[in-house]
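In this note's numbering, the protein residues as written are 39 to 125.
C-beta: ideal position from N, C-alpha, C; glycine also.
Source: prediction; values computed, not measured.
Some notes on the structure that comes next.
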Amino acid sequence: MFIWCAIMFFLGIAAFMDSLFNYGEIFRQINSVLFLLISLGVLIRTTIKMKAAKMENYESRIENLEMQLRAMKSEIQRETELEEAEY
């Protein structure tokens with residue numbers, strides 16, 4: 039989807055440049071500007087969603103590592119308690 043958004047953005051730029059160089063009607067200029075702005079909005083939203091998904095992945099990995107750390111600490115604590123009980 040990111041690639042398609044980038045393609046739409048560059049097509050909007052091309053349409054805007056075409057309307058400027060060919061001195062087209064005002065509708066063509068407004069249409070190309072709207073297409074450009076909409077595609078830019080979709081592009082920005084897509085990048086924000088990609089970053090949010092990456093952050094969610096990081097948060098889940100951190101939670102997993104914290105659980106592993108707690109398990110290892112409790113295991114080490116049990117081992118030290120057993121060693122102290124043996125002496």
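query	result
The segment 70 to 82 in contact with the segment 52 to 59 per 3-pair CB rule at 8 Å	yes
Coil, strand or helix - N102 by DSSP	helix
Short Cβ contact (9 Å threshold) for V80 with M110	no
Local Cβ density within 10 Å of S77, reported as buried at 16 or more and exposed below that	buried
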